[in-house]
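For reference, the structure is listed below as structure tokens.
Protein chains: 2
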Amino acid sequence: MSYMKLIESMLAGQKRACAKLITAVENDPKEAEKIIREIHQYTGNAHIIGITGPPGAGKSTLTDKVVKALVNEGKRVGVIAIDPTSPYSGGSILGDRIRMQDLALNPNVFIRSMGTRGYLGGLSKYTKNALKILDAASYDYIIIETVGVGQSEVDIVKIADTIIMVMVPGLGDDIQSIKAGIMEIGDIFAVNKSDLFGADRTATEINMMLDLTMDMDRRPPVVKVVAVKNEGIGNLIKEIKDHMDYLKESGKFTERRKNNLKLEVVELIEEELRKIVISHTDKEERIDEEVIEILNKNKNIYEVRDEFLRALSS
Amino acid sequence: MSYMKLIESMLAGQKRACAKLITAVENDPKEAEKIIREIHQYTGNAHIIGITGPPGAGKSTLTDKVVKALVNEGKRVGVIAIDPTSPYSGGSILGDRIRMQDLALNPNVFIRSMGTRGYLGGLSKYTKNALKILDAASYDYIIIETVGVGQSEVDIVKIADTIIMVMVPGLGDDIQSIKAGIMEIGDIFAVNKSDLFGADRTATEINMMLDLTMDMDRRPPVVKVVAVKNEGIGNLIKEIKDHMDYLKESGKFTERRKNNLKLEVVELIEEELRKIVISHTDKEERIDEEVIEILNKNKNIYEVRDEFLRALSS
Numbered sequence: 041m042s043y044m045k046l047i048e049s050m051l052a053g054q055k056r057a058c059a060k061l062i063t064a065v066e067n068d069p070k071e072a073e074k075i076i077r078e079i080h081q082y083t084g085n086a087h088i089i090g091i092t093g094p095p096g097a098g099k100s101t102l103t104d105k106v107v108k109a110l111v112n113e114g115k116r117v118g119v120i121a122i123d124p125t126s127p128y129s130g131g132s133i134l135g136d137r138i139r140m141q142d143l144a145l146n147p148n149v150f151i152r153s154m155g156t157r158g159y160l161g162g163l164s165k166y167t168k169n170a171l172k173i174l175d176a177a178s179y180d181y182i183i184i185e186t187v188g189v190g191q192s193e194v195d196i197v198k199i200a201d202t203i204i205m206v207m208v209p210g211l212g213d214d215i216q217s218i219k220a221g222i223m224e225i226g227d228i229f230a231v232n233k234s235d236l237f238g239a240d241r242t243a244t245e246i247n248m249m250l251d252l253t254m255d256m257d258r259r260p261p262v263v264k265v266v267a268v269k270n271e272g273i274g275n276l277i278k279e280i281k282d283h284m285d286y287l288k289e290s291g292k293f294t295e296r297r298k299n300n301l302k303l304e305v306v307e308l309i310e311e312e313l314r315k316i317v318i319s320h321t322d323k324e325e326r327i328d329e330e331v332i333e334i335l336n337k338n339k340n341i342y343e344v345r346d347e348f349l350r351a352l353s354s
Numbered sequence: 041m042s043y044m045k046l047i048e049s050m051l052a053g054q055k056r057a058c059a060k061l062i063t064a065v066e067n068d069p070k071e072a073e074k075i076i077r078e079i080h081q082y083t084g085n086a087h088i089i090g091i092t093g094p095p096g097a098g099k100s101t102l103t104d105k106v107v108k109a110l111v112n113e114g115k116r117v118g119v120i121a122i123d124p125t126s127p128y129s130g131g132s133i134l135g136d137r138i139r140m141q142d143l144a145l146n147p148n149v150f151i152r153s154m155g156t157r158g159y160l161g162g163l164s165k166y167t168k169n170a171l172k173i174l175d176a177a178s179y180d181y182i183i184i185e186t187v188g189v190g191q192s193e194v195d196i197v198k199i200a201d202t203i204i205m206v207m208v209p210g211l212g213d214d215i216q217s218i219k220a221g222i223m224e225i226g227d228i229f230a231v232n233k234s235d236l237f238g239a240d241r242t243a244t245e246i247n248m249m250l251d252l253t254m255d256m257d258r259r260p261p262v263v264k265v266v267a268v269k270n271e272g273i274g275n276l277i278k279e280i281k282d283h284m285d286y287l288k289e290s291g292k293f294t295e296r297r298k299n300n301l302k303l304e305v306v307e308l309i310e311e312e313l314r315k316i317v318i319s320h321t322d323k324e325e326r327i328d329e330e331v332i333e334i335l336n337k338n339k340n341i342y343e344v345r346d347e348f349l350r351a352l353s354s
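Chains as they are written, first to last, in the numbering used here: chain A, 41 to 354; chain B, 41 to 354.
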């Protein structure tokens with residue numbers, strides 16, 4: 041099947057065509073490859089924003105307000121919201137999506153919820169492909185909102201130009217251990233619910249840790265917001281744009297995109313190699329037998345690995 | 041260098057030898073392979089417990105109390121606490137470890153903090169190898185406490201026999217989206233800080249979602265605890281033991297271990313294949329050039345992948 045007609049409609053700005061293409065890449069990796077090959081030349085222009093942070097930080101509400109502010113400026117905005125796919129989904133996830141429904145009707149906004157195939161899943165290839173379709177469809181901004189746990193949080197760094205780390209006062213003791221690590225990945229820190237007790241302290245703590253950092257080219261800003269009241273969103277939007285200016289002026293924009301692309305290509309190659317390994321192991325049911333040998337302590341894992349590598353190369 | 045003497049001392053129960061072996065596997069993958077080959081025959085006996093859950097749930101305090109309870113029964117317990125390695129570490133992480141220092145002096149307890157190489161890092165090979173050393177050293181229980189974000193939470197499922205998912209009242213709105221997914225991975229649910237307002241509701245919600253599950257062989261128990269007050273720990277310990285009984289009686293113990301071992305072997309094979317890919321890409325600096333071709337839209341990612349695969353197989 042040729043997707044040329046759908047792609048033409050998508051490029052002409054039709055949301056329906058965009059949605060159909062995303063469904064196509066979700067359903068079939070072979071078709072996905074065909075589509076992505078065709079649209080590659082139209083990609084690379086959107087500003088990709090990742091919104092992440094611990095559970096309870098109010099990421100969905102903040103995403104909603106950021107989208108509205110950008111749309112009010114006349115921008116076109118795509119949103120990919122990562123939901124864990126689970127038979128138990130419902131409740132507030134659905135609630136968040138319903139809250140966004142007025143936005144979804146806006147011709148300049150495209151919203152898609154994508155699963156992660158379970159709690160532990162990450163941003164799948166499908167997510168990356170959907171992102172490429174929205175990029176080709178000329179959305180000025182594409183926002184990816186993670187679920188804030190598991191692999192999706194790990195993967196967002198490999199995709200986004202600007203990462204907004206949403207923090208919130210009073211997440212308890214081991215928030216320290218999160219803070220300890222997030223300095224590495226946040227381009228902008230948004231302290232949400234900053235009308236709550238402890239917000240100033242949280243902002244101060246983040247600022248202090250940033251001050252301790254000697255080897256930063258750029259000091260990430262800390263922005264206080266109250267998403268439910270739409271407070272501080274203007275400042276946040278300004279910081280998002282300033283970050284892109286910084287990336288472009290410093291040459292880091294191309295550098296980041298190159299690094300991410302490199303990761304993507306290496307992953308694609310590894311995926312094919314993995315298929316080779318799996319086709320060997322499945323066909324011969326050999327790995328199951330070998331695993332029993334390891335459990336029975338007749339062999340160790342390295343012996344089994346080496347046998348397989350010999351088999352693969354012969 | 042031969043590790044026979046260290047291994048002998050470790051097998052004889054010397055904590056110092058155990059610590060030295062763990063340091064050796066952390067520092068050098070080649071040495072790690074030698075050590076793991078030697079000790080493989082002594083492994084497979086410990087009950088491996090993963091303690092995970094969102095930030096702020098009080099996982100460290102709970103771990104502390106669980107270890108104390110097991111030690112009071114005369115058990116030997118190893119603890120691997122996953123900390124994000126970061127120049128910004130300190131504060132409460134250190135605090136947690138200090139809290140555990142009285143335990144660390146106990147001859148029947150071995151505690152090791154291991155890094156994840158950054159916020160996004162997972163349980164490294166080193167963690168798995170440290171686990172094997174503690175297993176060979178005849179610790180009855182080995183507890184792995186994750187940091188509750190990022191990859192370490194994803195990886196714990198591939199290692200533990202029993203996963204305790206620590207929940208806590210009042211984590212805010214999108215806790216729902218976590219709950220939606222955790223049903224898949226928790227063997228036991230501990231509602232910590234259950235003296236706080238909302239604890240009953242949290243426990244009820246978890247129970248309701250578990251009731252909705254039709255395809256479970258075993259319904260995971262929900263245990264209310266107050267770790268700081270040492271309340272409910274006895275119940276939790278009972279559930280941990282009941283879970284192991286269930287695993288063994290149902291045959292799922294061997295099944296889980298086989299699946300995990302299979303994953304580990306496939307990962308080892310993939311790691312070697314990855315080395316082949318990287319040695320190609322580094323040597324020729326070709327992938328960097330190709331990435332620029334992709335950015336300039338002269339090629340797409342699939343074309344580059346296919347060229348590399350051809351180069352690898354020729």
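Idealized CB from N, CA, C, for every residue including glycine.
Bear in mind the structure is a predicted one, so any value in this text is a computation, not a measurement.
For A:Asn247, go through chain B and note every residue whose CB falls closer than 8 Å to its CB, in chain order.
Going along chain B, no residue has its Cβ under 8 Å from A:Asn247, so there is no contact; the nearest lies around 13 Å.
Under the three-state DSSP convention, the category A:Glu224 falls into
coil
Beta-bridge partners of A:His87, as assigned by DSSP
A:Tyr181
Quick check: the stretch 111–124 of chain B against the stretch 226–243 of chain B, are at least 3 beta-carbon pairs closer than 8 Å?
no
Go through its chain and collect everything with a Cβ distance to A:Glu333's Cβ below 8 Å, but skip five positions before and after it.
Lys339 and Val344
Taking Cβ to Cβ, would you say B:Glu310 is nearer than 8 Å to A:Val317?
yes
Label A:Thr92 either buried or exposed according to how many other C-beta atoms from any shown protein chain fall within 10 Å of its C-beta, with 16 as the threshold for buried.
buried
Could you give the DSSP three-state label for B:Val149: helix, strand or coil?
strand
Those runs of the beta strand (DSSP E) which lie wholly inside the stretch 50–115 of chain B and span at least 3 residues
87–92
Within chain B, the residues that A:Lys302 reaches when beta carbons sit closer than 8 Å
Ile327, Asp328 and Val331
What does B:Ala267 pair with, by DSSP beta-bridge criteria?
None, per the DSSP bridge assignment.
Distance check for B:Asp104 and B:Lys55, CA to CA, integer angstroms please.
19 Å
Please name the residue in A:Gly210, A:Leu46 and A:Asp201 whose C-alpha comes closest to that of B:Gly357.
The question about residue 357 of chain B has no answer here: the residues shown for chain B are numbered 41 through 354.
Is it a yes or a no for the stretch 75–84 of chain A touching the stretch 140–152 of chain A, going by three-plus beta-carbon pairs under 8 Å?
no
Residue range of the alpha helix (DSSP H) that includes B:Val187
Here B:Val187 belongs to no alpha helix (DSSP H), and DSSP marks it neither H nor E.
Find out if the Cβ-Cβ distance for the pair A:Ile62, A:Ile225 is shorter than 8 Å.
no
Given a cut-off of 8 Å, decide if A:Val106 and A:Ile183 are closer than it, judged by their beta-carbon atoms.
yes
On the CB-based measure, 16 or more other CB atoms within 10 Å of its CB, does A:Ala52 come out buried or exposed?
exposed
Please decide whether B:Gln141 counts as near chain A, where near means a Cβ-Cβ distance under 8 Å.
no
Using the C-alpha atoms, what's the distance from B:Ala177 back to B:Asn299?
24 Å
Nearest to A:Tyr342 (by Cα), restricted to the options B:Leu349, B:Arg314, B:Leu308 and B:Glu325:
B:Leu308
Own chain partners of B:Gly90 with C-beta closer than 6 Å, once the 5 adjacent residues on each side are dropped:
Ile184, Ile196, Ala200 and Ile203
Three-state secondary structure assigned by DSSP to B:Ile199:
coil
Grab me the residues of B:Asn275's own chain with a C-beta within less than 7 Å of its C-beta, minus the 5 sequence neighbours each way, in chain order.
Val263
Looking at C-alpha atoms only, which residue of A:Leu352, A:Val187, A:Asp240 and A:Arg258 is the closest neighbour of A:Arg326?
A:Leu352
I need the DSSP call for B:Gly158, collapsed to helix, strand or coil.
Confidence at B:Gly158 is low in this model, with a pLDDT of 49, below 50, so its placement is unreliable and the value that follows should be read with caution. In the structure shown, B:Gly158 sits in coil (DSSP, three-state: anything other than H, G, I, E or B).
Out of B:Arg259, B:Phe229, B:Leu335 and B:Glu245, state which residue places its alpha-carbon closest to the alpha-carbon of B:Met205.
B:Phe229
Using 8 Å as the limit for Cβ to Cβ distance, is B:His80 near chain A?
yes
Figure out for me which residue from B:Lys281, B:Asn85, B:Asp282 and B:Asn169 has the closest Cα to the Cα of B:Glu66.
B:Asn169
7 Å CB neighbourhood of A:Tyr166 in its chain, flanking five on each side removed:
Val65, Glu66 and Met154
What residue ranges within the stretch 306–341 of chain A form continuous alpha helix (DSSP H) runs of no fewer than 4 residues, ordered along the chain?
326–335
Look at the alpha carbon of B:Asn247 and the alpha carbon of B:Leu313, and state the distance between them as a whole number of angstroms.
45 Å
If you measure beta-carbon to beta-carbon, which residues of the stretch 304–315 of chain A are closer than 9 Å to chain B?
Glu304, Val305, Val306, Leu308, Ile309, Glu310, Glu311, Glu312, Leu313 and Arg314
Would you mind stating whether B:Val117 and B:Asn148 have Cβ atoms separated by less than 8 Å?
yes
With H, G and I counted as helix, E and B as strand and the rest as coil, what does DSSP make of A:Gly274?
helix
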